[in-house]
Structures are given as structure tokens and as C-alpha cells.
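Asker: Before I ask anything, let me first share the structure, which is written out below as C-alpha cells.
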Amino acid sequence: MRSKSQVRDDMRQYRITVFTVCLLLLALVAQASAVSVTISPEQIEEGDTITIGISGLQDGSIFALRMEAAIELDGASTFTYQSNQVSVPFGMESPRVLLLASPVTEAGLEASDGDTIKRMTQRTQTGEVRITQSLDAIPSGTIEVLKAFGKPVDGSDYVDMMLELSGTKKGPDAGSITFGLEGISDGSARIIVLVDGSEAMNQQITIGTPTVTPTPTTAPPTGGSSGSSGGTTTPVPVDQVSVSSLDGIVWLQTVASSVTWASPDDIRIIQSEPVNIPADWIALSGSYIISPTGISFQPPARLSFVMDGDAGTPFIAAYRDGGWTIVPSRVEGSSLVVEISGGGQYAMMSYHSDDPAPVVTEGPATPPVTSDAPLNEVPPTEAPAAEKSAGGLVAILTTGVAGLLLMGVRKRG
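What follows is the structure, given as C-alpha cells:
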């Protein structure tokens, strides 16, 4: 039989253990909630500086930044927008940048550090340019000149542009991303910041007096089994809402009357990198966040993933409480479809297999048009006298993405 002193010792040890675990949990919660993001000012005029303040961003965090804007053409046959002195306080490992522009015949990014110019361009016959570019590790630094450019489809009044980057943060836990804009008089842009797949900030910036309404998104093809293929025309509800991810892989379809706790105009599908994937799973795509996270769909919305001939048997998983859970899905044509009742993070996965079975679909998949070609280096026509970038040329394309789309809508005077 145990003595009273032994029982007291055991109770004391138990209390210490419980107290230690509680402190550890509190520390983890504090760390997870310590990230703070501010964007200022909310309204600017041409030449003003935009500041994105970040604090509490731990090394190893997956940082993602997405910008959206509608660019007014006012009869112009080309569009070119420039940001200067873009400064980013931390580096990024395994970065990736995604660009979407429409309706255009070509679009791209250009940057200079004073001695050289780098350019990434893509042409299209579909009216839409999608560029996916993986980059080398990016150190912190200040970049001199950044441009977004392209040629709109003839007769277009404006161009919709979306730019998204993600990468693993390395460097100071706090600092500010700053940049100045030139040649912009009126417009607006939305900035979305994600940390480890969770939305840290979602804010619209007004530039001057915007007047442009963004182009409505066209619903995707649904494949042979959807009932809307072939020559038949299905009536479309007036309040139908269709939103796509930047890479065109994921689509959300619903009706405005089913959306609560957020405006249908605020719905976004934001690409991120999946974390904490089970050891016997493999990600067939990035993860996709339905934002705002508090949004609700009643009846449920249709969320579809375009399958691209992936090996194995794909399934859709949702990220909840720090782990992935398989959710019921079905195959419709070349897409894998799930019904969702709210925001959250989703990804298309499969199991690891030595001899995977092919995916059977009722129609060919339609992969997004991407460009992974290396950037072309061109001698500059004039060497600027300003200080060179501390981050190098590869950093130019990524650290300056905030400036490229915050130009919003430009009116020619």
C-alpha cells in the first residue's frame, strides 16, 4: 500500500505536469496568434507610398500575398504600370509567383536593378494569360523599378489582373513592405495576406476615385456528365456566382441568395501550400482557401478541382483543427467535385502507391496555361544611377508584386 507522502508526491508531480502542458499550449496559441498585419493608408493618390506592416511572423511560416485590380485602358492599345523603391524586410525560400491577366493578347512582368533588366512574357489566343513561375530563394532588399505590362484584346475597356506569391519566410519577424506608385490617378485594389494557410488580412485600397467594375467571371466547362455540355443551353440564374483560383484549377459555384456572413463580391479562392500532409498521402495540387473563412453557403456551394491525368485515385481533403480530413466527393467529367457549406482550406490528394491506378474521367482534363521558362536578361537602354537591389534580380519579381497590382485602374488624362 502506498504511503501518504507517496500520494502527495504523485499529486504534486501531476499538478506540475498539467501546469507545464497548459503553459506549453498557451505558448503555442500565443505564437499562432501573434502574427499581425496592417495595410495603410486605405486611400491614396498618385505618388503616395503603400505600407504593409508585419510583426510576429516566425521563420518557417508560409507567407502568401495576393493582389487584385481592374485596370482601365481608356482606349490604349497597351498597358504599363510602374512601382519604385519596393522594399521587403525578410527573405523567402521556395517562392512561387502566379500572374493572371484578361482579356489580353499578351502580358508579363519586367524588373530592373540598374544594370540589367529581366522580363517574363506570355502570349495567348484565348484572351487570358496565366503565368506560374517558381523562383530561387529571395533575400531581403530594395528594388528600384517594377513593371506590369501587356496588350489588351482590341475593344477592351479594362484588364483584370491578379498576382499571387507564396514562399517560406526567412529573416526578421517584423518589418514593413513599402513601395511607391507612378502614373496612377484612379483605381482600387484588394490585398490579401495569408500566413500558414490562414487569412491574416483582406483589405481594399482606394486610389483616387475608381469607376471600373471588374469583369464577371465566366463559369468553367463542367464536362460530359454535368448535364450542361453538348449543344444544349442551360438557363443561368441571374444571381449565379462563379469564382476561380488564380491558376484555374479550382472553381466555386453558388447563387448569391445562398451566401451569408459575407458579400458574394468578397468571395476569393486563394492558393497556398498544404502543410501537415499525412505521410501516406501526396498532394496533387496546392491547397486552396475559400475566403472569407467565416462565409456560409445554404444550400451548399459546388467546389470543383480540375483533374490533370494525375496518377492514383484522387480525393478531396479539408484542413481542420491542424489536420487533413477526407470529404465526400464525386467525379463530374474532368473535375472532382465536393459540396461545401462554408469557407476553409481544401486540397486534392492521393495515396502514395508503387503502382498507382490511372484516374478514369469522362472527358479530357483542361490544364491551366502556364509558363515555367526562365527569365530573359536584356541589356538596359539606360543605366539608372539609383542604388542597386539588395535582393538581386530574382527577388525583383516577387518582392515587388504588391506594387504591380496596387496600381488598380489607370485613367489617362
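Note that the sequence shown covers residues 185 to 597 in the numbering used here. Cβ atoms here follow ideal geometry from the backbone N, Cα and C, with glycine treated the same way.
State the CB to CB distance for the pair Phe-363 and Thr-264, rounded to an integer number of angstroms; the pair is presumed to be in contact (CB under 8 Å).
Answerer: Reading the sequence shown from its first residue, position 179 is the one you call residue 363. Reading the sequence shown from its first residue, position 80 is the one you call residue 264. Rounded, the Cβ-Cβ distance is 16 Å, inconsistent with contact.
Asker: Beta-carbon of Ser-296 versus every beta-carbon of chain B: anything under 7 Å?
Answerer: The structure shown contains no chain B, having only a single protein chain.
Asker: Rounded to a whole number of angstroms, what is the C-alpha to C-alpha distance between Pro-419 and Val-219?
Answerer: For the purposes of this step, residue 419 is identified with residue 235 of the sequence shown, where counting begins at 1. For the purposes of this step, residue 219 is identified with residue 35 of the sequence shown, where counting begins at 1. Residue placement at Pro-419 is flagged as unreliable, the pLDDT there being 48, under the threshold of 50; the coordinate-derived value follows with that caveat. Their Cα atoms are separated by approximately 46 Å.
Asker: Excluding the 5 residues preceding and the 5 following Leu-483 in the sequence, name in chain order all residues of the same chain whose CB lies nearer than 6 Å to its CB.
Answerer: Position 299 of the sequence shown, counted from the first residue, corresponds to residue 483. Correcting the residue type first, residue 483 is Pro in the shown sequence and not Leu. Here the set comprises Ser-442.
Asker: Just to confirm before moving on: does the CB-CB distance between Gln-527 and Ile-466 stay below 7 Å?
Answerer: In the sequence shown, residue 527 corresponds to position 343, counting from 1. In the sequence shown, residue 466 corresponds to position 282, counting from 1. The identity of residue 527 in the sequence shown is Gly, whereas the question assumes Gln. Not closer than 7 Å, so no.
Asker: Using CA coordinates, which residue listed in Asp-431, Ala-463 and Arg-374 is at the minimum distance from Ile-451?
Answerer: By 1-based counting over the sequence shown, the position of residue 451 is 267. For Ile-451, the nearest C-alpha among the options comes from Arg-374.
Asker: List in chain order: all unbroken beta strand (DSSP E) runs of 3+ residues lying wholly within the region 423-454.
Answerer: You should have 424-428 and 434-439.
Asker: With a 10 Å radius around its C-beta and 16 neighbouring C-beta atoms as the bar for buried, classify Thr-326 as buried or exposed.
Answerer: In the sequence shown, the residue the question calls residue 326 occupies position 142. Buried, because 16 or more other Cβ atoms sit within 10 Å of the Cβ of Thr-326.
Asker: Name, in chain order, the residues that DSSP records as bridge partners for Val-219.
Answerer: On the sequence shown, residue 219 is found 35 positions in, with the first residue counted as 1. Beta-bridge pairing links Val-219 to no other residue.
Asker: Does the region 349-365 come within contact of the region 287-306, defined as at least 3 CB pairs closer than 8 Å?
Answerer: In short, these stretches do not touch, since the Cβ pair count stays below three.
Asker: Three-state secondary structure (DSSP) at Thr-550?
Answerer: Start at 1 with the first residue of the sequence shown, and residue 550 comes out as number 366. Residue placement at Thr-550 is flagged as unreliable, the pLDDT there being 35, under the threshold of 50; a coordinate-derived value is accordingly withheld.
Asker: Determine whether the beta carbon atoms of Glu-252 and Met-385 lie at a separation below 7 Å.
Answerer: Position 68 of the sequence shown, counted from the start, is the residue given in the question as residue 252. Position 201 of the sequence shown, counted from the start, is the residue given in the question as residue 385. Result no, Cβ atoms of Glu-252 and Met-385 do not sit closer than 7 Å.
Asker: Please state if the CB of Leu-468 and the CB of Met-532 are separated by a distance shorter than 7 Å.
Answerer: Position 348 of the sequence shown, counted from the first residue, corresponds to residue 532. Position 284 of the sequence shown, counted from the first residue, corresponds to residue 468. Yes, they are a contact pair.
Asker: Roughly how many angstroms separate the alpha carbons of Val-270 and Lys-302, rounded to a whole number?
Answerer: Residue mapping note: residue 270 aligns to position 86 of the sequence shown, counting from 1. Residue mapping note: residue 302 aligns to position 118 of the sequence shown, counting from 1. Rounded to whole angstroms, Val-270 to Lys-302 spans 16 Å at the Cα level.
Asker: Determine contact between the region 310-328 and the region 221-237, defined as no fewer than three beta-carbon pairs at a distance below 8 Å.
Answerer: Touching, no.
Asker: Which two residues bound the contiguous beta strand (DSSP E) that contains Glu-277?
Answerer: Along the sequence shown, one-based indexing puts residue 277 at 93. Looking at the DSSP string, the run of the beta strand (DSSP E) that includes Glu-277 is 275-286.
Asker: Measure the alpha-carbon distance for Asp-370 versus Val-434 and round it to whole angstroms.
Answerer: In the sequence shown, residue 370 corresponds to position 186, counting from 1. In the sequence shown, residue 434 corresponds to position 250, counting from 1. Computed Cα separation, rounded: 31 Å.
Asker: Once DSSP output is grouped into helix, strand and coil, what is the label at Gly-259?
Answerer: The residue given as residue 259 occupies position 75 in the sequence shown. In this structure, Gly-259 counts as coil in the three-state DSSP scheme.
Asker: Please report the residue range of the beta strand (DSSP E) in which Glu-516 lies.
Answerer: As a first step, residue 516 must be located in the sequence shown, where it is residue number 332. Counting along the chain, the beta strand (DSSP E) containing Glu-516 begins and ends at 514-516.
Asker: Going by DSSP, what residue range makes up the beta strand (DSSP E) through Thr-509?
Answerer: As a working mapping, residue 509 is identified with position 325 in the sequence shown. 507-511 is the span of the beta strand (DSSP E), which, as asked, contains Thr-509.
Asker: For Glu-348 and Leu-284, I'd like the C-alpha separation in whole angstroms.
Answerer: Along the sequence shown, read from residue 1 onward, the residue named residue 348 stands at position 164. Along the sequence shown, read from residue 1 onward, the residue named residue 284 stands at position 100. Between Glu-348 and Leu-284, the C-alpha separation is close to 9 Å.
Asker: Tell me the rounded alpha-carbon separation between Gln-455 and Ile-236.
Answerer: To locate residue 455, count along the sequence shown from 1; it is residue 271. To locate residue 236, count along the sequence shown from 1; it is residue 52. So the alpha carbons of these two residues sit roughly 20 Å apart.
Asker: Alpha carbon to alpha carbon, how far is Ser-428 from Ala-358? Give it in angstroms, no decimals.
Answerer: For this step, residue 358 is matched to residue 174 along the sequence shown. For this step, residue 428 is matched to residue 244 along the sequence shown. Spanning the two alpha carbons is a distance of roughly 32 Å.
Asker: If you measure between the beta carbons of Leu-257 and Pro-336, is that distance less than 7 Å?
Answerer: The residue given as residue 257 occupies position 73 in the sequence shown. The residue given as residue 336 occupies position 152 in the sequence shown. Against a cut-off of 7 Å, the Cβ pair of Pro-336 and Leu-257 comes out as a contact.
Asker: Over the uninterrupted beta strand (DSSP E) stretch that includes Thr-316, give me the two end residues.
Answerer: For this step, residue 316 is matched to residue 132 along the sequence shown. Run containing Thr-316: 313-318, per the beta strand (DSSP E) assignment.
Asker: Around the C-beta of Ala-214, are 16 or more other C-beta atoms found within 10 angstroms, so that it is buried, or is it exposed?
Answerer: Against the sequence shown, residue 214 aligns to sequence position 30. Reliability fails at Ala-214, whose pLDDT of 41 lies under 50, so the model's placement of it is uncertain and no value is given.
Asker: Taking all protein chains shown into account, do 16 or more other C-beta atoms lie within 10 angstroms of the C-beta of Ile-391, making it buried, or fewer, making it exposed?
Answerer: Looking up residue 391 in the sequence shown gives position 207. Buried: at least 16 other Cβ atoms inside 10 Å.
Asker: Are there 16 or more other CB atoms within 10 angstroms of the CB of Gln-424, so buried, or fewer, so exposed?
Answerer: On the sequence shown, position 240 is the one that residue 424 refers to. Label assigned to Gln-424: exposed.
Asker: Could you give the C-beta distance for Ala-501 and Thr-438, rounded to a whole number, given that I count them as a contact under 8 Å?
Answerer: On the sequence shown, position 317 is the one that residue 501 refers to. On the sequence shown, position 254 is the one that residue 438 refers to. Not really, about 21 Å apart at Cβ, beyond 8 Å.
Asker: If distances are taken between C-alpha atoms only, which option among Ile-510, Thr-497 and Tyr-503 comes closest to Tyr-535?
Answerer: Within the sequence shown, numbered from 1, the residue matching residue 535 stands at position 351. Among Ile-510, Thr-497 and Tyr-503, the Cα nearest to that of Tyr-535 is on Thr-497.
Asker: How is Gly-371 classed by DSSP in three states: helix, strand or coil?
Answerer: Reading the sequence shown from its first residue, position 187 is the one you call residue 371. If DSSP states are grouped into helix, strand and coil, Gly-371 belongs with the strands.
Asker: Val-522 and Val-515: beta carbons closer than 7 Å?
Answerer: Stepping through the sequence shown from its first residue, residue 522 is reached at position 338. Stepping through the sequence shown from its first residue, residue 515 is reached at position 331. For Val-522 and Val-515, no; Cβs fall outside 7 Å.
Asker: Considering Cα atoms alone, identify which of Ala-463, Asp-380, Ile-461 and Ile-479 is closest to Gln-242.
Answerer: The count along the sequence shown starts at 1 and reaches residue 242 at position 58. Nearest option by C-alpha distance: Asp-380.
Asker: Relative to the alpha-carbon of Leu-330, which residue among Glu-294, Leu-378 and Gly-432 has its alpha-carbon at the smallest distance?
Answerer: Numbered from 1 along the sequence shown, position 146 holds the residue referred to as residue 330. Looking at the Cα atoms, Glu-294 is the closest of the given residues.
Asker: For Ile-461, which residues of its own chain have a beta-carbon under 7 Å away from its beta-carbon, when the five flanking residues on both sides are left out?
Answerer: Translated into positions along the sequence shown, residue 461 becomes position 277. Here the set comprises Ala-467 and Trp-508.
Asker: In the DSSP assignment, find the beta strand (DSSP E) that holds Asn-126 and state where it starts and stops.
Answerer: The structure shown does not extend to residue 126, since the chain is modelled only from 185 through 597, so no value can be given for it.
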